[in-house]
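Reviewing the structure listed below.
Protein chains: 2
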Amino acid sequence: MRQSQLFTKTLKEVPSDEEAKNAILLIRAGYIHKEMAGVYQLLPLGLRVVEKIKQIVREEMNAIGTQEMIATNLQRKELWERTGRWSDQVVDVWFKSTLKTGAEVGFAWSHEEPLADMMKNHISSYKDLPVYIYQFQNKLRNELRAKSGMMRGREFIMKDAYSFCRSEEDHTAYYEACKEAYLRSFERMGVGEDTYVTFADGGAFTQYSHEFQTVCDAGEDLCYINREKKIAINEEVFSAEACKELGVIPEEMEKVKTAEVGNIFNFGRQKAEDVGLFYDEENGDKTAVWMGSYGIGITRMMGVLVEKFADEKGIVWPESVSPYKVHLVGLQTDDAQIRDWVDGIYTAFQRRGVEVLYDDRYLRPGQKFADADLLGVPYRIVASKKTKEEGRFEVVHRASGDVQYLSEEELYTTFAGT
Amino acid sequence: MRQSQLFTKTLKEVPSDEEAKNAILLIRAGYIHKEMAGVYQLLPLGLRVVEKIKQIVREEMNAIGTQEMIATNLQRKELWERTGRWSDQVVDVWFKSTLKTGAEVGFAWSHEEPLADMMKNHISSYKDLPVYIYQFQNKLRNELRAKSGMMRGREFIMKDAYSFCRSEEDHTAYYEACKEAYLRSFERMGVGEDTYVTFADGGAFTQYSHEFQTVCDAGEDLCYINREKKIAINEEVFSAEACKELGVIPEEMEKVKTAEVGNIFNFGRQKAEDVGLFYDEENGDKTAVWMGSYGIGITRMMGVLVEKFADEKGIVWPESVSPYKVHLVGLQTDDAQIRDWVDGIYTAFQRRGVEVLYDDRYLRPGQKFADADLLGVPYRIVASKKTKEEGRFEVVHRASGDVQYLSEEELYTTFAGT
Numbered sequence: 001m002r003q004s005q006l007f008t009k010t011l012k013e014v015p016s017d018e019e020a021k022n023a024i025l026l027i028r029a030g031y032i033h034k035e036m037a038g039v040y041q042l043l044p045l046g047l048r049v050v051e052k053i054k055q056i057v058r059e060e061m062n063a064i065g066t067q068e069m070i071a072t073n074l075q076r077k078e079l080w081e082r083t084g085r086w087s088d089q090v091v092d093v094w095f096k097s098t099l100k101t102g103a104e105v106g107f108a109w110s111h112e113e114p115l116a117d118m119m120k121n122h123i124s125s126y127k128d129l130p131v132y133i134y135q136f137q138n139k140l141r142n143e144l145r146a147k148s149g150m151m152r153g154r155e156f157i158m159k160d161a162y163s164f165c166r167s168e169e170d171h172t173a174y175y176e177a178c179k180e181a182y183l184r185s186f187e188r189m190g191v192g193e194d195t196y197v198t199f200a201d202g203g204a205f206t207q208y209s210h211e212f213q214t215v216c217d218a219g220e221d222l223c224y225i226n227r228e229k230k231i232a233i234n235e236e237v238f239s240a241e242a243c244k245e246l247g248v249i250p251e252e253m254e255k256v257k258t259a260e261v262g263n264i265f266n267f268g269r270q271k272a273e274d275v276g277l278f279y280d281e282e283n284g285d286k287t288a289v290w291m292g293s294y295g296i297g298i299t300r301m302m303g304v305l306v307e308k309f310a311d312e313k314g315i316v317w318p319e320s321v322s323p324y325k326v327h328l329v330g331l332q333t334d335d336a337q338i339r340d341w342v343d344g345i346y347t348a349f350q351r352r353g354v355e356v357l358y359d360d361r362y363l364r365p366g367q368k369f370a371d372a373d374l375l376g377v378p379y380r381i382v383a384s385k386k387t388k389e390e391g392r393f394e395v396v397h398r399a400s401g402d403v404q405y406l407s408e409e410e411l412y413t414t415f416a417g418t
Numbered sequence: 419m420r421q422s423q424l425f426t427k428t429l430k431e432v433p434s435d436e437e438a439k440n441a442i443l444l445i446r447a448g449y450i451h452k453e454m455a456g457v458y459q460l461l462p463l464g465l466r467v468v469e470k471i472k473q474i475v476r477e478e479m480n481a482i483g484t485q486e487m488i489a490t491n492l493q494r495k496e497l498w499e500r501t502g503r504w505s506d507q508v509v510d511v512w513f514k515s516t517l518k519t520g521a522e523v524g525f526a527w528s529h530e531e532p533l534a535d536m537m538k539n540h541i542s543s544y545k546d547l548p549v550y551i552y553q554f555q556n557k558l559r560n561e562l563r564a565k566s567g568m569m570r571g572r573e574f575i576m577k578d579a580y581s582f583c584r585s586e587e588d589h590t591a592y593y594e595a596c597k598e599a600y601l602r603s604f605e606r607m608g609v610g611e612d613t614y615v616t617f618a619d620g621g622a623f624t625q626y627s628h629e630f631q632t633v634c635d636a637g638e639d640l641c642y643i644n645r646e647k648k649i650a651i652n653e654e655v656f657s658a659e660a661c662k663e664l665g666v667i668p669e670e671m672e673k674v675k676t677a678e679v680g681n682i683f684n685f686g687r688q689k690a691e692d693v694g695l696f697y698d699e700e701n702g703d704k705t706a707v708w709m710g711s712y713g714i715g716i717t718r719m720m721g722v723l724v725e726k727f728a729d730e731k732g733i734v735w736p737e738s739v740s741p742y743k744v745h746l747v748g749l750q751t752d753d754a755q756i757r758d759w760v761d762g763i764y765t766a767f768q769r770r771g772v773e774v775l776y777d778d779r780y781l782r783p784g785q786k787f788a789d790a791d792l793l794g795v796p797y798r799i800v801a802s803k804k805t806k807e808e809g810r811f812e813v814v815h816r817a818s819g820d821v822q823y824l825s826e827e828e829l830y831t832t833f834a835g836t
């Protein structure tokens, strides 16, 4: 992509009510636009990051046999009344509206009830089980406070998966597979080391549920972690007893701020009973399906990655989610000869399938470097008159600041990865 | 994909209130699930079709320099008040709700106002123009009647593009490019011949707007078309005068039912004036941006394609949007030898990158063939004991019913396309 063509500009000013570092940097760099608190448009660069995060999660979900679909935003009141969750006293984040026919409808803050209900069409016998589905979908939650940028949205993209099993044993097998898929996903996004499977309040169905918490100063949660043993306990359920159960002692647990990037719920057979999702057992018994749900906050993850890796100069993307792999910065490109030469390098990168952002704008070098730092693409490559004369390119690694000098041929072999 | 693993089942029964052929077939075949009238979940097969339609449109929009983004569903009241379109008397398809803070919010039935407003951050000088953006986004419209299945949704996916230009001349150039991109898209989806650039009511800004209407018995519009001259006029504006302007005579126009699959609006400078989107001209004058908007109904297109091509046996997909290219139907696979052999063919297709749906279920051949017809994948390949012995595969073209017999090697060369 030629930066001169990219419609987004880096901005000096952000909306005065924006407090969160992640949103401030993402707005300034032109990744997102603030529509209102907790509601952000994804601009071209932002969409690329979100699609990369989605693709990582998609690959890991597909690998464990989960099938992708997309549910609707509009939901029926009756489904949620049946489980006692239509009331605003029970679920306090509903957005609701009214059809022209007069019927009330809800907007998706969760898809548990509609998707469990839908499965009545496709699950009738033990032979139809297990079923695993997932989606990337817009969730709408009427949050009273939405001050954490992309980390707590009124509108946000979530990956939610649902498992439908015959037995606790089958459920546990998928549950474990999904836990591993999540850990692989977080590892690929560069936060593997700092992300913990965390014991948390299990709600109505089980004593504990599992959250995936990433150590992050901007996080809204508090956890007690043990880095060595890779164990974490949410403050909500932290106790001597919980520690004992997990084989740690309270004194070796460190209290840290964390962001919840994923969670797993085990509903047992309760949810299916409430919704009326039964199947015929081999012996003819009508039995409720064993259900679980599995979430990853996709746009929240984008916010967490900014918070964790940004420095005073701007965003620092992990390579796996960066909108581009290299940022080619052309200097002295008002000289037609230089311009043609840098254009050629840009084209050569593209031909080799390297995702490259090409700063072909007529601006001062200082401004281009500042923009490159703000945007946070992993490798900045300068191509100037001097580069052309000397035949070696300065390559700066955004995260470490390490500088390499490479020949044109080395550039391609290094970044084309072939 | 192994059909035994696909969680969706073909269904005999559809919701009793479903009247539209497209929805009935898509529900029966397991492409979609009806949540409520005009609101359908996209199941795995349906999502694949939608993604194929999106990809065709994406490629054509990218090719004319349009940049992809995604706007939010939640919208601010103030933006629409400014243009006089917040009122339910003016726009009668609003879904609205209330934030916890008490402020009213709207759900996206259109993105014209929010995206024009957003551009104030990125357009300030004539040097920033032109800008072309697009998105695939969920639109929510509170339709009183939603009886046409995927062809008129309360919730549906639309591709909407917006152009921001300096002059009418620049605007017209993009407008023409977009018109061509649309025609290429419809051509690629198999409805090129039956899709007309149609003169229609231009609303407040211009005498005529352009609609893209596809001849379709289930369509909700009426147009007068001339197949030879490839000219169409919406009934709304059909008159002797309109005919004269387009160089046809009323007598040579045929009245047909059509479905509106796309539209183009020219706002001139009015929209930007209303929203307050101005730029500095070279001479310093503050000037309103020239705007256009360009829509294609993505999920509607899915409905139209079903309506147009389905026969009494089921759906017939154009190859470009079919969820899979070939449907491999294994027979006598309860014989382990046969099963292993058909599995091998499935694997060979996959290795060659052919999108293949593999019916590996233990069912009667008749039921498998009926399902294959219902699902509508372009090529059905039978692999049975007889096939193995004779070394030739029966390949049936779903649309024409033509039968070919191919050797295993020919199968791969024919369908791998390499």
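As given, the protein sequences belong to chains W and C, one line each in that order.
Per this note's numbering, residue 1 is the first one in the first sequence, and the count goes up by one each step.
Per this note's numbering, residue 419 is the first one in the second sequence, and the count goes up by one each step.
All C-beta atoms in this analysis are idealised placements derived from N, C-alpha and C, irrespective of residue type, glycine included.
Here the structure is a predicted model, which is why all the values come from computation and not from measurement.
Looking at the DSSP output, Tyr697(C) shares a beta bridge with Thr705(C). From the listed residues Leu640(C), Leu824(C), Ser627(C) and Gly784(C), the smallest Cα separation to Thr590(C) is found for Ser627(C). Taking Glu522(C) as the centre and dropping the five residues before and after it, the same chain places the C-beta of Lys495, Lys514, Ser515 and Thr516 closer than 8 Å to its C-beta, in chain order. Excluding five sequence positions before and after Phe787(C), the CB atoms of its chain that fall closer than 8 Å to its own CB belong to Val747 and Arg798, given in chain order. Taking the Cβ atoms as the reference, Leu305(W) lies roughly 19 Å from Thr10(W), outside the contact range of under 8 Å. Within chain C, no C-beta atom comes less than 8 Å from the C-beta of His171(W); the nearest is roughly 16 Å away. Its chain contains Tyr132 and Ile133 as the residues whose beta carbon lies nearer than 7 Å to that of Gln67(W), once the 5 sequence neighbours on both sides are disregarded; these appear in chain order. Where Leu328(W) is concerned, the enclosing beta strand (DSSP E) starts and stops at Val326 to Gly330.
With contact defined as three or more Cβ pairs closer than 8 Å, the stretch 765-772 of chain C and the stretch 704-711 of chain C are not in contact.
Looking only at Val679(C), Glu605(C) and Ala618(C), the smallest Cα-Cα distance to Thr632(C) is reached by Val679(C). Proximity of Val275(W) to chain C, defined by a Cβ-Cβ separation below 7 Å, is not satisfied. Counting C-beta pairs with one atom in each stretch, the stretch 149-160 of chain W and the stretch 290-310 of chain W have three or more that are closer than 8 Å, which means they touch.
C-alpha of Met719(C) to C-alpha of Glu307(W): approximately 41 Å in a straight line. In this structure, Ala579(C) is the residue among Ala579(C), Met419(C) and Tyr458(C) with its C-alpha nearest to the C-alpha of Gly483(C). Judged by DSSP in its simplified three-state form, Lys806(C) adopts helix. Any Cβ of chain C closer than 7 Å to the Cβ of His327(W) would place that residue at the interface, and such an atom is absent. In chain order, Gln67, His122, Val131 and Ile133 make up the part of chain W whose C-beta sits under 7 Å from the C-beta of Phe425(C).
Within the DSSP bridge table, the entry for Cys583(C) names Trp708(C) as partners. Here DSSP, grouped into helix, strand and coil, assigns Leu411(W) to helix. When rounded, the separation of the alpha-carbon atoms in Gln137(W) and Gly610(C) is 32 Å. Contacts with chain W at 7 Å (Cβ-Cβ) include Asn491(C). Secondary structure at His529(C): coil, using DSSP grouped into helix, strand and coil. By the neighbour-count criterion, in which 16 or more other beta carbons inside 10 Å mark a residue as buried, Glu35(W) falls on the buried side. Here Pro741(C) has Leu463, Arg466 and Val467 as same chain residues with Cβ atoms under 6 Å from its own Cβ, once five neighbours each way along the sequence are excluded. Counting only the Cα atoms, Lys120(W) lies some 21 Å from Glu437(C).
Look at Gly268(W) here: in three-state DSSP terms it is strand. Per the C-alpha coordinates, the member of Arg154(W), Glu51(W), Leu42(W) and Gln41(W) positioned closest to Asp92(W) is Arg154(W).
A straight line joining the alpha-carbon of Tyr614(C) with that of Lys743(C) spans about 28 Å.
When DSSP states are grouped into helix, strand and coil, Phe199(W) belongs to the strand group. In terms of Cβ geometry, Glu235(W) and Leu222(W) form a close pair [threshold 7 Å]. Between the stretch 490-505 of chain C and the stretch 522-535 of chain C, the count of C-beta pairs closer than 8 Å reaches three or more; the two stretches touch. Sixteen is the threshold: when 16 or more other Cβ atoms of the shown chains lie within 10 Å of the Cβ of Arg398(W), as they do, the residue is buried. Contact between the stretch 230-244 of chain W and the stretch 263-277 of chain W is absent: fewer than three C-beta pairs spanning the two stretches fall below 8 Å.
Ranked by how close their Cα comes to the Cα of Leu331(W), the residues Tyr40(W), Ala383(W), Ala29(W) and Asp194(W) have Ala383(W) in first place.
Within the model, the alpha-carbon separation for Arg770(C) versus Ala728(C) is close to 29 Å. By the criterion of a C-beta distance shorter than 6 Å, Ile53(W) is surrounded in its chain by Ile298, Met301 and Val321, once the five residues flanking it on both sides are discounted.
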